[in-house]
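K.L.:
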Amino acid sequence: MGIDIGSRDIKLVEMAGGPLPQIAAMGRIATPPGALDDGAILQVEPVVNAIRTVMEQAGNKSRKAVTIISGRNVITRFIKLPKMSPKEVASTLKWEADKYIPLSAGTDMIVDHLILGNVEEEINPQINVLLVGVPRKLVYQVYETFSKAGLELLAVEIEPLSLWRSIGTTTATRTGSQAIREEGFISLDIGAKASNLAIFQGDELIFSRYLPMAGDGITNAVSLATSLEFNAAQVIKERDGELLLGQTVEQAPPDKVILDKALKESLLPLAGEIRRSIDFYRSQYKRDEPKVLIISGGTAKMKGLPAFLQAELGIPVSLGLQHIAIKEHLTDKKSKEVKNMDPAFAVAVGLALREVE
253 MGIDIGSRDI KLVEMAGGPL PQIAAMGRIA TPPGALDDGA ILQVEPVVNA IRTVMEQAGN
313 KSRKAVTIIS GRNVITRFIK LPKMSPKEVA STLKWEADKY IPLSAGTDMI VDHLILGNVE
373 EEINPQINVL LVGVPRKLVY QVYETFSKAG LELLAVEIEP LSLWRSIGTT TATRTGSQAI
433 REEGFISLDI GAKASNLAIF QGDELIFSRY LPMAGDGITN AVSLATSLEF NAAQVIKERD
493 GELLLGQTVE QAPPDKVILD KALKESLLPL AGEIRRSIDF YRSQYKRDEP KVLIISGGTA
553 KMKGLPAFLQ AELGIPVSLG LQHIAIKEHL TDKKSKEVKN MDPAFAVAVG LALREVE
């Protein structure tokens, strides 16, 4: 079972194994106000109660879960090491991790690593390694929360790895996209408080970034443009928000034009960061430009967003969790193949897939 505790919603997905993974249960509930701050759980009991409620509503059977930890306090570094065995990597990083992860005074960090693959160079063979550092206190808060909710927490991981499974692996994508997967693509999960960008090639995570710009920033722009308070602006954004292109702008009524202008102005910095990430990837890793951008998260559902980003970036843009290769469990003996899922569940799906064989 994957549980994604986001700034706005808590999302749950339970998977069952098989030739195609099956969705056994799924649900969503609002995150208690003030319970989270930049990925850190500030109020354990309200989150525990919310998890219990969404499990009851979803009707899931599993009591084993996987979740993520995110926010500015999560430090990731992509490093290269001389080619060596996994055991040698662990031994090397035990003594040298502080060269890559800045350890703040008084901050007790948990540092872990993942070997991503070989560097494509014949001279001086190297390996790509993802190094992750998280304050121990944040990890303990997560384990305390899940324990009080009556769950066994199997793993805590970072968001790019779950997106790797739900959007980037053969488990979750159809064979028709194999060529795109091998040539490289970008995943952008747009949350309420922040966005996570990752670049993949084949089954390999190459690069990721935490971007402190997301749905709430767009809502603030709508609030300023319409003189509405935040919650009312959020409703307007979700109900009427649409990015207009071409002649549709000229033909739109004044209120639509005002909303369109606010949306575009708030999204242009995000598009700029995506472009900078692509340029860094090309120069640093000496690879071709990714062939497609796949967007997920609640904001990804905004009308016209794929077309807007495509126009700004010059590469195709599509929604995540569309045309996926999983099934939805209906009864004890029946299931149906899922064609399209809400892209807001991309992280939760990836978390659930971690333990599915």
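Residues 253 to 609 (our numbering) are what the sequence shown spells out, left to right.
Glycine included, C-beta positions come from ideal geometry on N, C-alpha and C.
#1: Considering Cα atoms alone, identify which of 468, 272, 331 and 487 is closest to residue 378.
#2: Quick one: grab the DSSP three-state call for residue 497.
#3: Give the single residue among 529, 500 and 537 whose Cα lies nearest to the Cα of residue 545.
#4: Give me the residue from 389, 370, 380 and 375 with the minimum Cα distance to residue 360.
#5: Rounded to a whole number of angstroms, what is the C-alpha to C-alpha distance between residue 479 and residue 510?
#6: Under 8 Å: do the segment 447–461 and the segment 533–542 share three or more Cβ pairs, one atom per stretch?
#7: Taking Cβ positions, are residue 412 and residue 460 nearer each other than 8 Å?
#8: Please classify residue 247 as buried or exposed, where buried requires at least 16 neighbouring CB atoms within 10 angstroms.
#9: Put residue 473 into one of helix, strand or coil per three-state DSSP.
#10: Tell me whether the beta-carbon of residue 363 lies closer than 8 Å to the beta-carbon of residue 342.
#11: Which class does residue 462 belong to by DSSP, given the choice of helix, strand or coil?
#12: Would you identify the three-state DSSP class for residue 297, choosing helix, strand or coil?
#13: Give me the Cβ distance between residue 264 and residue 600, rounded to the nearest whole Å; I'm assuming they're in contact under 8 Å.
#14: Just to confirm my understanding: we take residue 471, look at its own chain, exclude 5 residues before and 5 after, and list those with CB closer than 7 Å. What are they?
#15: How would you label residue 491, buried or exposed, when you count the other beta carbons within 10 angstroms and need 16 or more for buried?
#16: Secondary structure at residue 316, three-state DSSP: helix, strand or coil?
#17: Does DSSP put residue 435 in a helix, in a strand, or in coil?
#18: What is the DSSP secondary structure of residue 364, counted as helix, strand or coil?
#19: Taking DSSP as the reference, what is the three-state secondary structure of residue 444?
#20: I'd like the span of the alpha helix (DSSP H) that includes residue 562, first residue to last.
#21: Drop a sphere of 10 angstroms on the beta-carbon of residue 416, count the other beta-carbons inside from all chains shown, and report buried for 16 or more, exposed for fewer.
#22: Could you round the C-beta distance between residue 518 and residue 469 to whole angstroms and report it? I think they count as a contact, below 8 Å.
#23: Can you tell me whether residue 500 is buried or exposed, with buried defined as 16 or more other CB within 10 angstroms of its CB?
#24: Quick one, which of 595, 512, 547 and 395 has its alpha-carbon nearest residue 437's?
#25: Using a threshold of 8 Å, state whether the C-beta atoms of residue 410 and residue 328 are closer than that.
#26: Compute the Euclidean distance between the alpha carbons of residue 423 and residue 325, then round it to the nearest angstrom.
#27: Do you know offhand how far residue 440's Cα is from residue 495's?
#28: For my contact list, residue 449 and residue 526 are in at a C-beta cut-off of 8 Å; report their separation, rounded to the angstrom.
#29: Measure how close the beta-carbons of residue 300 and residue 400 come, nearest whole angstrom, since I'm counting them as under 8 Å.
#30: Can you give the Cα-Cα distance for residue 334 and residue 376, rounded to whole angstroms?
#31: Helix, strand or coil for residue 391 per DSSP?
#32: Please classify residue 338: does DSSP put it in a helix, a strand, or coil?
#33: Are the beta-carbon atoms of residue 323 and residue 302 separated by less than 8 Å?
P.N.:
To lay it out plainly:
#1: As a first step, residue 378 must be located in the sequence shown, where it is residue number 126. Per the Cα distances, 331.
#2: As a first step, residue 497 must be located in the sequence shown, where it is residue number 245. Residue 497 falls in the coil class under three-state DSSP.
#3: The sequence position of residue 545 within the sequence shown is 293, counting from 1. Ranking the options by Cα distance to residue 545, first place goes to 529.
#4: Here residue 360 refers to the residue found at position 108 when the sequence shown is read from its first residue. Ranking the options by Cα distance to residue 360, first place goes to 389.
#5: By one-based count along the sequence shown, residue 479 stands at place 227. By one-based count along the sequence shown, residue 510 stands at place 258. Between residue 479 and residue 510, the C-alpha separation is close to 11 Å.
#6: yes
#7: The residue labelled residue 412 in the question sits at position 160 within the sequence shown. The residue labelled residue 460 in the question sits at position 208 within the sequence shown. Yes, they are a contact pair.
#8: Beyond the ends of the chain as shown, which are 253 and 609, falls residue 247; an answer cannot be given.
#9: By one-based count along the sequence shown, residue 473 stands at place 221. Helix, per DSSP.
#10: Your numbering for residue 363 matches position 111 in the sequence shown. Your numbering for residue 342 matches position 90 in the sequence shown. Their beta carbons are not under 8 Å apart, which means residue 363 does not touch residue 342 by this criterion.
#11: Here residue 462 is taken as the residue at index 210 of the sequence shown, counted from 1. In the structure shown, residue 462 sits in a strand (DSSP, three-state: E or B).
#12: Residue mapping note: residue 297 aligns to position 45 of the sequence shown, counting from 1. Reduced to three states, the DSSP call for residue 297 is helix.
#13: Here the question's residue 264 lines up with position 12 in the sequence shown. Here the question's residue 600 lines up with position 348 in the sequence shown. About 6 Å; that satisfies the 8 Å criterion.
#14: Looking up residue 471 in the sequence shown gives position 219. The residues are 482, 485, 486 and 489.
#15: In the sequence shown, the residue the question calls residue 491 occupies position 239. Burial call: exposed.
#16: As a working note, residue 316 is residue 64 in the sequence shown. The three-state secondary structure of residue 316, taken from DSSP, is strand.
#17: Numbered from 1 along the sequence shown, position 183 holds the residue referred to as residue 435. Reduced to three states, the DSSP call for residue 435 is helix.
#18: On the sequence shown, residue 364 is found 112 positions in, with the first residue counted as 1. If DSSP states are grouped into helix, strand and coil, residue 364 belongs with the strands.
#19: Counting from 1 along the sequence shown, the entry for residue 444 is found at position 192. Coil.
#20: As a first step, residue 562 is located in the sequence shown; it is residue number 310 there, counting from the start. Start and end: 557–565.
#21: Numbered from its first residue, the sequence shown carries residue 416 at position 164. It is buried - the Cβ of residue 416 has at least 16 other Cβ atoms within 10 Å.
#22: For this step, residue 518 is matched to residue 266 along the sequence shown. For this step, residue 469 is matched to residue 217 along the sequence shown. Rounded, the Cβ-Cβ distance is 6 Å, consistent with contact.
#23: The residue you call residue 500 lines up with position 248 of the sequence shown. The residue is exposed, with fewer than 16 neighbouring Cβ atoms inside 10 Å.
#24: Translated into positions along the sequence shown, residue 437 becomes position 185. Checked all of 595, 512, 547 and 395; the closest Cα to residue 437 is 547.
#25: In the sequence shown, counting from the first residue as 1, residue 410 sits at position 158. In the sequence shown, counting from the first residue as 1, residue 328 sits at position 76. Their beta carbons are under 8 Å apart, which means residue 410 touches residue 328 by this criterion.
#26: Numbered from 1 along the sequence shown, position 171 holds the residue referred to as residue 423. Numbered from 1 along the sequence shown, position 73 holds the residue referred to as residue 325. With a pLDDT of only 43 at residue 423, under the threshold of 50, the placement of this residue in the model should not be trusted, and no figure is reported.
#27: Numbered from 1 along the sequence shown, position 188 holds the residue referred to as residue 440. Numbered from 1 along the sequence shown, position 243 holds the residue referred to as residue 495. Approximately 18 Å between the Cα atoms of the pair.
#28: As a working mapping, residue 449 is identified with position 197 in the sequence shown. As a working mapping, residue 526 is identified with position 274 in the sequence shown. Cβ atoms of residue 449 and residue 526 come within 8 Å of each other, at about 7 Å.
#29: For the purposes of this step, residue 300 is taken as the residue at position 48 of the sequence shown. For the purposes of this step, residue 400 is taken as the residue at position 148 of the sequence shown. With 8 Å as the limit, residue 300 and residue 400 qualify as a contact, their Cβ atoms being about 5 Å apart.
#30: Locating residue 334 in the sequence shown gives position 82, where the first residue counts as 1. Locating residue 376 in the sequence shown gives position 124, where the first residue counts as 1. C-alpha separation (whole angstroms): 7 Å.
#31: Position 139 of the sequence shown, counted from the start, is the residue given in the question as residue 391. Helix at residue 391.
#32: Taking the first residue of the sequence shown as 1, we reach residue 338 at position 86. Of the three classes helix, strand and coil, the one that applies to residue 338 here is helix, per DSSP.
#33: The sequence position of residue 323 within the sequence shown is 71, counting from 1. The sequence position of residue 302 within the sequence shown is 50, counting from 1. No, the pair does not count as a contact, with Cβ atoms beyond the cut-off.
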